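Novice: If you scroll down you'll find the structure; I have some questions about it.
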Amino acid sequence: MVDHTFVGHSTPRIDGVEKITGAAPFTDDLDFGPDLLHAEVVASPHAHARILGIDTYLAEQVPGVVKVVTGKSFQSTFGLYLEDRHIFAQDRVRFVGEQVAAVIARTRTAAKRAARMVIVSYEVLPAVFDTDAALADGAVELHPDLADYGRVPWFHPRPGTNIAHWRKLRKGDVAAGLRDADLVLEDTYTVPRYAHAAIEPHAVVAELSVAGRLTVWSASQSPYTQRNLFAEALGLSHRDIRVVTPYVGGGFGGKAGVTMEIIGAALAMTVRGHPVKLHWSREQEFVNTYQRQGLRAHLTIGARRDGTITALQHTLHWDAGAYVEYGANVVNAAGISATGPYRIEHVQLDSLCVYTNLPPGGPYRGFGYSEFTFGLESHIDRLAHGLGIDPVEFRRRNAVVGGDELPYGAQMNPSGLLEAIDRAADAIDWGIEQPAPSPTVRVGKGIAAFWKAPAMPPNAGSAAFLKFNEDGSVNITVSGMEIGQGYLTAMAQIAAEVLSVPPDRIRVETPDTDRNAYEWQTVASHVTWGCGNAVLAAANQARDRILDTVHRALGHDVASLYLVDEQVRSTTDPDLALPLREFVVTGLEQPSDGTFKGGPVVASGSFMPEFTSTRSDPETGQGGKPNVHYTVGAAGLVLEVDVETGRIAVRTVALAVDAGTAINPVAIEGQIAGGVLQGLGTVLYEELRFDDGGRLLNPTLTDYKLPTASDIPDRVIPIIVEVDQPDGPFGARGVGEHTMIPIAPLVANAVEDAVGVRITSMPITAERLYLALTAEDG
Amino acid sequence: MGHAVALKVNGESWSLEVEPAELLLEVLRSRVGIKSPKPGCERGDCGSCTVLLDGRSVRSCLVLAVEVDGHELTTVEGLGIDGLTELQQRMVELSSFQCGYCAPGIVLTATELLAVNPRPERHEVQAAMSGNLCRCTGYAPIIDAVLTAAATAAATTAPEV
Amino acid sequence: MTISLDLAYHAPASLDETLEILSEQAGRTVLLAGGTDVVPSLRDDLISPNRIVDLKRVEGLGDLAVIDGALHVGCLVTFSDLIGSPAVHARLPVLAEMAGMVASVGIRNRATLVGNICSAVPSCDAGPLLLALGARVHLVSREGVRTVDVDDWFEGPRRTAIRSGEVVTHVTIPLPASGHGAAYARLSRTRGEDLAQACVAVVLEPGDRPRIAFGAVAPTPVRARRIEALLHAQGLDAGAIDAAVGLVAEEVAPITDVRATRRYRLAMCEVMLRRAVTAAAGRAAGDGPVHGTPLM
């Protein structure tokens, strides 16, 4: 491995001091002066209903109310991948909590009071709350206009049904593959809906100046995508929209794309000259952003006695909610990768995006992989046991390696999966039994592997601007978002490596679309790779300009010049040691005549993967190269089950992930510790629960239980595997989402090891496990 | 009806007129200009709005502004006036936080803990922190920073033998 | 987060002044101590008073002391005060054990023991323990003072024996004899801040009838009198505890809600009872688990 000066060395976050002192601004922290208006949304109490009329008279009489806005004012559709949404409900509502109207007032209290006084009359319609009901013959159709919605070319909706997209993948002959197997195992796994539950709720402030300029401040992972959708939905030029995104208090996919921000932008259009603020309450945060989609997965896998998986058939029914403009791409991503990181000859995948009358589903850390991996890695374990093969060995025998043919025909990138499996297993002393600490406690160990590719359009781009300052420090502006993952620091390290300027002398700024270079979105764990490449290009360009200046001023051959310790040095002239700060803005004096060469060093870089394509046969999924690469890994876990209560205590989790090259190891360790606990939350405590009318029963952090500091494993062992990603900056690829993907099946596998019970439905709460244990007894 | 409230925030005296329905969190953010206490759950579950009231951590979303007349408040803005505290330094070094939204509340809760219990055991740190939710970090780097800060403080104040 | 009510606010300096305010017209008054239950209730429109009477400036309501063999807990005494009290640790450590399980430090610094039994949600932590300890609730109004046995205090979810115009000034908790053993066990979804899904308090005094109460498994905290009688008659050996566990279903009436099913609550009441009785007996004998050790 190449030894770098900054890349690969653990570097304290460059935003650490700002965050630890309370100085880091978040959207709700920005001040807007006395003309700031406040908005409150009127939400549907029904899961499915026709809107018969909206009476705003009483609300308009409330002192302080400026305006009441309904869907009449905004009739265009919008959506990221499928245009199935309106800014406000038009003729019907499709989930409890959907925005029907909004009140704009001078104070929050007035807005809140008036919102209660908007009278909406409804005709209640039949509703569907799960995929079986939505797919049944004669089910109520949620989107009769599905055929007319704009969409990306890789979506295949079924108008006349509730199927918004059906991703099919066919490789080989599954029936033959199953006949060839010595053991065929078939089962169904269910995964409920989950909430991102970032601690910062969504917030937006928007202002249309009297001159017609729209500025939006939002807590978002996707400033440029927001600008694009605002422009399309509101009929403005991109030039006239500015999206500013300060720090974001946790994203996890929940602040990707556009959700409530478009309400704020639209409301601003109605009160020209006034900033309007919309701030979600925790309840609204749960109901009206994105939720992680529910999944019912039917899985059949066959394997031979020697441990070779012969065939896999995976049918995924996604409870995608009332609007799937983003969520349908989660379904798509899973539909081409739900084999997991295994080499399988015969594959059949069917991934169905199903409309239901529940809140819109969407992206959530793992983007479909967390969901299907629960069933898949549970099933892999059960097959191993059924064949009498050690689960670690079974995974090793089928593990995908670089150069393998992927389910859709393209080639697998270099991959350290085997190393990850071995190191995760070793770290938890796999195969060695541990004694139970008390008579009511059983100890179990589990193992699971994972993979995930960024799910992006084939032309998702990243760009960076870089400039030197008079003191030789550097400012970089990009439009990826620092959502906690350490992106700003990683970008600083990449530039530092090229320019020899230490990361703490580089400021990387959060986005303002007026000033910062383009970024598609901060999702898909792609910014270290994609935007990292853009920053690398910008840094290279800056270096080239610096060296060229020296060449022109002093005559040194460019090939002999290099940067080290913030100086230009030469391989041929040991006396040359030019500090960057002396000339990167003011230029270099030419000794012969006193003129100056160079000038302020500014540079830009941009990156787009030029090898991806989504063109494939809709019936087989064969063809194209929809994914840029996969990041792989494996994890092991040790837990204890109290058999009297069902309570689980996680002792050790070891998670190995192939980062290609770790740009900032401490940040990857942070992703592992955080992702592991987020995964444990989904499998041990969390679950969105609805009543039979589609109303969320636990829209509070009182009853949607996040793990606390007392609920962490005794030990999390981070393991960084480094098998170079050839097209990544310094060989890096993303790891952020991946760290939570294997956790749920890991727990399920360890629970079976501990107490002999297989749970096929998440979450595995103490109560569920207790009930399963006692059912087994009886 | 407005009520006159006199309080100290980070050592500075403030006189405000507040309505009984106004929450301390709202008043601090919108009237005093102190932004570090963050709205997160609005019902005391998450701890991101934590402030120190006469040195003890409280949820500013559960306190009416009118209740704090005559009291002293400390927020994270008031901790670092003379530079970072030992605890804050350890948190920066260990990259304890990711998105940072929960950080002000956690810093204050940990500051209170170390004032009450300068040499906490790991499980005591966990228990003290268990009312401050963090969705990013898995808590471990935060707990490590608290323990490291306690150990450093103990080492620098230990009597010579 | 905004509270959208029009409210008057009073912060009387004395009890007399408090009672006078309370006796003025029949306003919809809410008494405010720590506010950790009142404030979210205001925000969520669960209550809609037109005035708040803040008790925190009233002299004497924050007293915490041992008086005549009983612990006097003023209505402004917070859970953190209990945890920090040497007298509580020395004489009634189970009270600190319970207090340490309430919510979080930031809540316990503000929330009061008396407020907890006044808001009287079915899952309140203080209720079962005060029942098991035989506490008395002291009230005052313009008509005079009144004492209610905590057994008669809880009347339903969020309903108590308090009357209009009254203030709970304090509770008194008779200190159990030395050589007693007590335990508070609590089931919750996470190990950190959470509400009780079910809980049990057990107090064993040498020679006396055991006192046991459950929480979060009925509309109010409930005494388990049949279990108490059985253990009193049969002692605390394994057979007696088995028999007591067999009576749990007759003592409690849990419901299924978003926090747990009836079946799980019932089963866990049995486990908690067994563990809490065993722990309390062990503590009485001097070899039980340290107070604060989670039993679940």
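Residue numbers (the numbering used here), protein chains in the order written: chain Y, 5 to 782; chain V, 109 to 269; chain L, 1493 to 1788.
All C-beta atoms, glycine included, are put in the ideal place defined by N, C-alpha and C.
Note that the structure is predicted; figures quoted are calculated from it, not measured.
In chain L, which residues lie with their C-beta within 9 angstroms of the C-beta of Thr260 (chain V)?
Specialist: The premise fails here: Thr260 (chain V) is roughly 23 angstroms from chain L at the closest Cβ pair, so nothing lies under 9 angstroms.
Novice: Is the stretch 546-553 of chain Y touching the stretch 597-612 of chain Y in the sense that three or more CB pairs, one from each, lie closer than 8 angstroms?
Specialist: When C-beta atoms of the stretch 597-612 of chain Y are compared with those of the stretch 546-553 of chain Y, three or more pairs fall below 8 angstroms, so the two segments count as touching.
Novice: Looking at the C-beta of Ala236 (chain V), does it have a partner C-beta in chain L at a distance below 7 angstroms?
Specialist: yes
Novice: The ligand FAD and Gly213 (chain V): does the residue's C-beta get closer than 6 angstroms to at least one heavy atom of that ligand?
Specialist: Absence of the ligand FAD is noted for the structure shown, with no ligands found whatsoever.
Novice: Determine which residues share a DSSP beta bridge with Tyr359 (chain Y) and list them.
Specialist: Y:Gly325
Novice: Can you tell me whether Gly1527 (chain L) is buried or exposed, with buried defined as 16 or more other CB within 10 angstroms of its CB?
Specialist: buried
Novice: Closer than 8 angstroms between beta carbons: that is the criterion. Which residues of the stretch 711-744 of chain Y meet it against chain L?
Specialist: Of all residues in the stretch 711-744 of chain Y, the ones placed with a Cβ closer than 8 angstroms to any Cβ belonging to chain L are Pro711, Thr712, Ala713, Ser714 and Asp715, in chain order.
Novice: May I have the straight-line CA-CA distance separating Pro746 (chain Y) from Ala639 (chain Y), to the nearest angstrom?
Specialist: 7 angstroms
Novice: For Thr314 (chain Y), which residues in the same chain have their Cβ closer than 8 angstroms to its Cβ, ignoring the five residues on either side in sequence?
Specialist: Gly181, Leu182, Asp184, Ala185, Gly306, Ala307, Arg308, Ile348, Glu349 and His350
Novice: Should Gly1684 (chain L) be flagged as near chain Y, meaning a C-beta pair shorter than 7 angstroms?
Specialist: yes
Novice: Could you spell out where the beta strand (DSSP E) holding Gly298 (chain Y) opens and where it closes?
Specialist: Gly298 to Ala307
Novice: With burial defined as no fewer than 16 other Cβ atoms inside 10 Å of the residue's Cβ, what is the status of Glu220 (chain V): buried or exposed?
Specialist: buried
Novice: What's the C-alpha gap between Thr1494 (chain L) and Arg1535 (chain L)?
Specialist: 6 angstroms
Novice: Just the C-alpha distance for Ala496 (chain Y) and Thr249 (chain Y), rounded to the nearest angstrom, thanks.
Specialist: The C-alpha of Ala496 (chain Y) lies about 19 angstroms from the C-alpha of Thr249 (chain Y).
Novice: In chain Y, which residues lie less than 7 angstroms from Tyr1756 (chain L) when you measure between Cβ atoms?
Specialist: Glu771, Tyr774 and Leu775
Novice: Can you find a C-beta in chain V that's less than 7 angstroms from the C-beta of Ile203 (chain Y)?
Specialist: Yes, contact with chain V.
Novice: Buried or exposed for Ser226 (chain Y), going by 16 or more other Cβ atoms inside 10 Å?
Specialist: buried
Novice: For my contact list, Ser165 (chain V) and Thr217 (chain V) are in at a C-beta cut-off of 8 angstroms; report their separation, rounded to the angstrom.
Specialist: 5 angstroms
Novice: Between Arg1681 (chain L) and chain Y, is any beta-carbon pair separated by less than 7 angstroms?
Specialist: Interface residue, yes.
Novice: Kindly list, in the order they appear in chain V, the residues whose Cβ is closer than 9 angstroms to that of Gly1778 (chain L).
Specialist: Chain V residues near Gly1778 (chain L): none, gap ~24 angstroms exceeds 9 angstroms.
Novice: So with Cβ pairs under 7 angstroms, would you call Cys210 (chain V) a contact of chain A?
Specialist: This model lacks chain A altogether, as its protein chains are Y, V and L.
Novice: By how many angstroms is the C-alpha of Ala542 (chain Y) removed from the C-alpha of Ala27 (chain Y)?
Specialist: 29 angstroms
Novice: Does any residue of chain Y have a CB that is nearer than 7 angstroms to the CB of Thr1494 (chain L)?
Specialist: Output row for Thr1494 (chain L): interface = yes.
Novice: At least one CB of chain Y closer than 7 angstroms to the CB of Val269 (chain V): is that the case?
Specialist: Only weak support is given to the placement of Val269 (chain V): the predicted model assigns it a pLDDT of 48, under 50, and the value that follows is read from those uncertain coordinates. No, no contact with chain Y.
Novice: As a quick exercise: from Y:Ile55, Y:Asp33, Y:Thr111 and Y:Asp757, pick the residue whose alpha carbon is nearest that of His42 (chain Y).
Specialist: Y:Thr111
Novice: Decide if the stretch 264-279 of chain Y is in contact with the stretch 102-111 of chain Y; the criterion is three or more beta carbon pairs, one per stretch, under 8 angstroms apart.
Specialist: The stretch 264-279 of chain Y, when compared against the stretch 102-111 of chain Y, does touch it at the 8 angstroms Cβ threshold.
Novice: Is DSSP giving Val588 (chain Y) helix, strand or coil here?
Specialist: coil
Novice: Checking 7 angstroms against the spacing of the C-beta atoms, do Ser1615 (chain L) and Ala1725 (chain L) come in under that value?
Specialist: In this structure, Ala1725 (chain L) does not lie closer than 7 angstroms to Ser1615 (chain L) by Cβ.
Novice: Report the option in Y:Arg399, Y:Arg400 and Y:Ser419 whose CA atom is closest to the CA atom of Ile408 (chain Y).
Specialist: The residue asked about is misnamed: residue 408 (chain Y) is Asp in this sequence, not Ile. Measuring from the Cα of Asp408 (chain Y), the nearest candidate turns out to be Y:Ser419.
Novice: Using beta carbons (cut-off 7 angstroms, strictly below), is Val52 (chain V) in contact with chain L?
Specialist: What is shown of chain V runs 109 to 269, which leaves residue 52 (chain V) out entirely.
Novice: With DSSP run on the structure shown, which of helix, strand or coil describes Thr249 (chain Y)?
Specialist: coil
Novice: Given that Val171 (chain V) touches chain Y, what residues does it touch there, using C-beta distances under 7 angstroms?
Specialist: Chain Y residues near Val171 (chain V): none, gap ~18 angstroms exceeds 7 angstroms.
Novice: Anything in chain Y within Cβ reach of Pro147 (chain V), meaning under 8 angstroms, just list it in chain order.
Specialist: Asp32, Pro205 and His283
Novice: Residues of chain L with a CB under 8 angstroms from the CB of Pro128 (chain V): which are they?
Specialist: Leu1499, Ala1500, Tyr1501 and Ile1544
Novice: State the DSSP-derived secondary structure class of Val269 (chain V), mapped to helix, strand or coil.
Specialist: In this prediction, Val269 (chain V) has a pLDDT of 48, which is less than 50 and means its spatial position is unreliable; nothing more can be read from the coordinates.
Novice: Using C-beta distances below 7 angstroms, list every residue in its chain close to Leu777 (chain Y), excluding the 5 sequence neighbours before and after it, in chain order.
Specialist: Val647, Gly650, Val759 and Val761
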